[in-house]
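For the sequence shown, this note's numbering gives the first residue as 1, with consecutive numbering after it. C-beta atoms are modelled at their ideal positions from N, C-alpha and C, and glycine is treated no differently.
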Amino acid sequence: MKILDQYILKQFVKTFLSVFVILFFIFILQTVWLFIAELAGKDLDFSTIAKFLLFAMPNIVPLVLPLSVLLASIMTFGDLSENYEFAAMKSSGVSLQRAMRSLTLFILALAVCAFIFANNIIPYSQYRFQNIKANIGREKPAMAIAEGQFNDVGSFNIKVDKKTGPNGNKLEGVTIHKKSIGRGATAVIKAKTGDLRSSADSNILQLVLHDGYQYEDVYPNKINEQRKMPFAKTAFRQYIINMDLSKLNENDVDKEHISNASVMLDLGELHYTLDSLDTAYDKERRSYADNVIVRTGYNTVSSFPTTSDTIKVTPAKGSVTKHDLLTPYTKEERARILDIARGNIENTSFIIDRAKTEFEERDKNINTYWLSVYDKFVIAYSCLLMFFIGAPLGAIIRKGGLGLPIVFAILIFITFHFINTFGKKIAQENGIPAFAGAWMSSFVLTPLALFLTKRATDDRGVEFDFDFITIPFRKLFAHNAIRPSFLVSDRVINLDAIETVEDGEWEALQQLDDEALIQQVYDAKRNNLAETTRINILKILAARGITQASLYRSKRLFDERYELLQDDVATYRFRAKVTLMIYLMAVTLALVFNNNRSKAGLAIAAFVMLIFFFVTLYKALNDLKDVAKALKTKIGVPFIICLVLGFPFYPVFHLLNSRALRLKLSEHNL
Numbered sequence: 001m002k003i004l005d006q007y008i009l010k011q012f013v014k015t016f017l018s019v020f021v022i023l024f025f026i027f028i029l030q031t032v033w034l035f036i037a038e039l040a041g042k043d044l045d046f047s048t049i050a051k052f053l054l055f056a057m058p059n060i061v062p063l064v065l066p067l068s069v070l071l072a073s074i075m076t077f078g079d080l081s082e083n084y085e086f087a088a089m090k091s092s093g094v095s096l097q098r099a100m101r102s103l104t105l106f107i108l109a110l111a112v113c114a115f116i117f118a119n120n121i122i123p124y125s126q127y128r129f130q131n132i133k134a135n136i137g138r139e140k141p142a143m144a145i146a147e148g149q150f151n152d153v154g155s156f157n158i159k160v161d162k163k164t165g166p167n168g169n170k171l172e173g174v175t176i177h178k179k180s181i182g183r184g185a186t187a188v189i190k191a192k193t194g195d196l197r198s199s200a201d202s203n204i205l206q207l208v209l210h211d212g213y214q215y216e217d218v219y220p221n222k223i224n225e226q227r228k229m230p231f232a233k234t235a236f237r238q239y240i241i242n243m244d245l246s247k248l249n250e251n252d253v254d255k256e257h258i259s260n261a262s263v264m265l266d267l268g269e270l271h272y273t274l275d276s277l278d279t280a281y282d283k284e285r286r287s288y289a290d291n292v293i294v295r296t297g298y299n300t301v302s303s304f305p306t307t308s309d310t311i312k313v314t315p316a317k318g319s320v321t322k323h324d325l326l327t328p329y330t331k332e333e334r335a336r337i338l339d340i341a342r343g344n345i346e347n348t349s350f351i352i353d354r355a356k357t358e359f360e361e362r363d364k365n366i367n368t369y370w371l372s373v374y375d376k377f378v379i380a381y382s383c384l385l386m387f388f389i390g391a392p393l394g395a396i397i398r399k400g401g402l403g404l405p406i407v408f409a410i411l412i413f414i415t416f417h418f419i420n421t422f423g424k425k426i427a428q429e430n431g432i433p434a435f436a437g438a439w440m441s442s443f444v445l446t447p448l449a450l451f452l453t454k455r456a457t458d459d460r461g462v463e464f465d466f467d468f469i470t471i472p473f474r475k476l477f478a479h480n481a482i483r484p485s486f487l488v489s490d491r492v493i494n495l496d497a498i499e500t501v502e503d504g505e506w507e508a509l510q511q512l513d514d515e516a517l518i519q520q521v522y523d524a525k526r527n528n529l530a531e532t533t534r535i536n537i538l539k540i541l542a543a544r545g546i547t548q549a550s551l552y553r554s555k556r557l558f559d560e561r562y563e564l565l566q567d568d569v570a571t572y573r574f575r576a577k578v579t580l581m582i583y584l585m586a587v588t589l590a591l592v593f594n595n596n597r598s599k600a601g602l603a604i605a606a607f608v609m610l611i612f613f614f615v616t617l618y619k620a621l622n623d624l625k626d627v628a629k630a631l632k633t634k635i636g637v638p639f640i641i642c643l644v645l646g647f648p649f650y651p652v653f654h655l656l657n658s659r660a661l662r663l664k665l666s667e668h669n670l
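Given below as structure tokens:
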């Protein structure tokens, strides 16, 4: 490895490790904050808390690693550019790609390590983490209840004044509120003391209360008695309550992950599980389809005669043919048959809807496993992606340190993380394929990485030009602000900086006299003269002593009147098209409002659009008036008629004015 590669790699690794440690510490604090309710005041020893956090740490790496690579890349290459070290490299023939070579190999190795970490370490740590969370509730049942506050445990809200005993199992001053005791009634239990008991292999927490009372609301059927708000009071010496801790052991923040084991499996186990799930899914669908066919009696019904078949009935007077299946039955029997058929259809529809919901849930579960498969590869690719965004961005902005690089890094990473979360949520809901959901953020930001790398390689900055947005609005409302410039600084060209090609055209121009050449320069816009030909003419005239400055003073360097006229024509045509579009929008809104008169918003929108129409119409007619004045003639429908009768008849006026303008321009050879 060359000295330059060693230097760049050393700078990057040093910055990367520093940033990684700082960010990892910040995310650990965030994890502690998320689980503070489970850890604080629960009588947990230090080793239990340490194991809890230790197995939570690996799950932070997929967030910290890409952000660390991005920030370290921006800071490293920003420092090199800010200190003119990149300028020295380029002057020595070292390009940006050459400078990134050693780091690219390092990032590739880091991506492989990230994949191995995501495939082996994270599943194991998640398995241990979830088991520790579950075991804490079993081994330390008192952690479910904190002193001096109401604690939500299953279907109970529990408050204790004091906890004693080696594990906090002895309770004093117990108050319990039961939830959902029929018809909105409530029940309150108060006891002097209590004991918490649990088993290591059970999610049931047993609470034994001593010496207390239970107060329960009673709701009589008669309204007059309900107003008295009666309740029942029951005294007890011992009262045993069994509470389910399975819900308590779940954390809402990570509920989706806990509900399945996808994050606890490596790649091989995920593929094995997916094969099993797909096989079971297909088997269930086929079995369900067969059951529906049997339930609806499709095979039996298909053997029945249809209405097109002949069904012979033998009443008193001969036979009647071509009747439906219900013809042989009485009116009462038909009604009963139809009721039975209707009931069967409703039951079948209910079963189909329920099965559809079940299959959708299975699809979501399978998508979750597929997302876990793709996540292992996305973590590795994100390291490469962030490097090829950060390195060229640092070279472009030329700022190191912890100022501007942090701003760019946070904005890019938030975008990446938001798109990634958004895509995975949609994929989990079966809105898009799991592959698209997992890779959505990478698909969106990869073009940015290619763009920045190309710009940095070409030694060009990132310029954001919004003229394509602002110029149309300026032409629409402030035409005079963007008129052609006739300043000498904008019209006189530095001919010495342009190389002369003495070809056949050059020799032909040399044969012309001064007046012919000057006339060609003056009519260059009108005749669509090539810019290279115009420059050659100016060079020939300069060699003959006729400079651009002298032509500018004599007003023969360009045709100012023609350029202004062409600008007015172009502006009129633009404003006329916009006016026509606004007219159509206003008419559409008016028609929609006519069919929805209760929508006041439509009326307001139509009125605003109508005002906007007359504003743009007035400006367009003024432009047409300026063109007619320059040509010293009249064009199209008179100004007042167009303005007064514009709304109902503007499409007709637009066609007439456009046709008249074309004719007048052709008459003047314009």
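Rounded C-alpha distance that separates residue i from residue j
{"i": "T186", "j": "Y369", "result": "42 Å"}
{"i": "S81", "j": "S92", "result": "15 Å"}
{"i": "P651", "j": "L584", "result": "9 Å"}
{"i": "L248", "j": "D152", "result": "For L248, the predicted model reports a pLDDT of 48, less than 50, meaning its position is unreliable; a value from the coordinates is still stated below. If you take the alpha carbons of L248 and D152, they lie about 8 Å apart."}
{"i": "D161", "j": "I240", "result": "19 Å"}
{"i": "V61", "j": "V263", "result": "14 Å"}
{"i": "T579", "j": "I432", "result": "41 Å"}
{"i": "L557", "j": "R659", "result": "32 Å"}
{"i": "A99", "j": "Y7", "result": "10 Å"}
{"i": "K317", "j": "T327", "result": "Unreliable placement is indicated for K317, whose pLDDT of 46 sits below 50; the coordinate value is still reported in the next sentence. For K317 and T327, the distance between alpha carbons rounds to 16 Å."}
{"i": "D559", "j": "E502", "result": "27 Å"}
{"i": "M57", "j": "A606", "result": "58 Å"}
{"i": "N536", "j": "G504", "result": "12 Å"}
{"i": "P29", "j": "I49", "result": "Residue 29 is actually Leu in this sequence, not Pro. In a straight line, the C-alpha of L29 is about 13 Å away from that of I49."}
{"i": "N251", "j": "T446", "result": "Note on N251: pLDDT 39, under 50, position unreliable in the model; the coordinate value appears next. N251 and T446: Cα-Cα distance of roughly 34 Å."}
{"i": "D465", "j": "V569", "result": "Summary for D465: the model assigns pLDDT 48, below 50, so the residue's position carries little reliability, and this model does not support an answer."}
{"i": "W439", "j": "L267", "result": "17 Å"}
{"i": "A630", "j": "Y522", "result": "18 Å"}
{"i": "N291", "j": "E358", "result": "16 Å"}
{"i": "T193", "j": "L171", "result": "5 Å"}
{"i": "L671", "j": "N594", "result": "With the chain covering only 1 through 670, there is no way to say anything about residue 671."}
{"i": "R662", "j": "R573", "result": "11 Å"}
{"i": "K475", "j": "A620", "result": "11 Å"}
Residue i classed as buried or exposed, judged by whether at least 16 other C-beta atoms fall within 10 angstroms
{"i": "D79", "result": "buried"}
{"i": "F16", "result": "buried"}
{"i": "Y374", "result": "buried"}
{"i": "A575", "result": "Inspection of the sequence shows that residue 575 is occupied by Arg rather than by Ala. Buried: at least 16 other Cβ atoms inside 10 Å."}
{"i": "V462", "result": "Low per-residue confidence applies at V462: pLDDT is 49, beneath 50, and the placement is therefore not dependable, though the value from the model is reported in the following sentence. Looking at its Cβ environment, which holds fewer than 16 other Cβ atoms inside 10 Å, V462 is exposed."}
{"i": "K10", "result": "exposed"}
{"i": "H671", "result": "Given that the chain is displayed from residue 1 to residue 670, the structure contains no residue 671 and the question cannot be resolved."}
{"i": "I345", "result": "exposed"}
{"i": "V253", "result": "Legend: pLDDT at V253 = 32, less than 50; position of this residue unreliable, no value from coordinates given."}
{"i": "F451", "result": "exposed"}
{"i": "P123", "result": "buried"}
{"i": "V19", "result": "buried"}
{"i": "G394", "result": "buried"}
Cβ pair residue i, residue j closer than 8 Å
{"i": "M609", "j": "A586", "result": "yes"}
{"i": "S442", "j": "S382", "result": "yes"}
{"i": "F55", "j": "F115", "result": "no"}
{"i": "F24", "j": "I132", "result": "no"}
{"i": "L564", "j": "I540", "result": "no"}
{"i": "R534", "j": "A542", "result": "no"}
{"i": "L385", "j": "A427", "result": "no"}
{"i": "I635", "j": "F612", "result": "no"}
{"i": "A232", "j": "Y213", "result": "no"}
{"i": "N657", "j": "L624", "result": "yes"}
{"i": "A380", "j": "V112", "result": "yes"}
{"i": "I158", "j": "I176", "result": "yes"}
{"i": "I498", "j": "Q548", "result": "no"}
{"i": "M243", "j": "L207", "result": "yes"}
Are there three or more Cβ pairs, one per stretch, closer than 8 Å when the stretch 407-422 is compared with the stretch 58-77? Yes: at least three Cβ pairs fall under 8 Å.
With three or more beta-carbon pairs closer than 8 Å as the criterion, would you say the stretch 347-356 touches the stretch 89-104? No, they do not touch.
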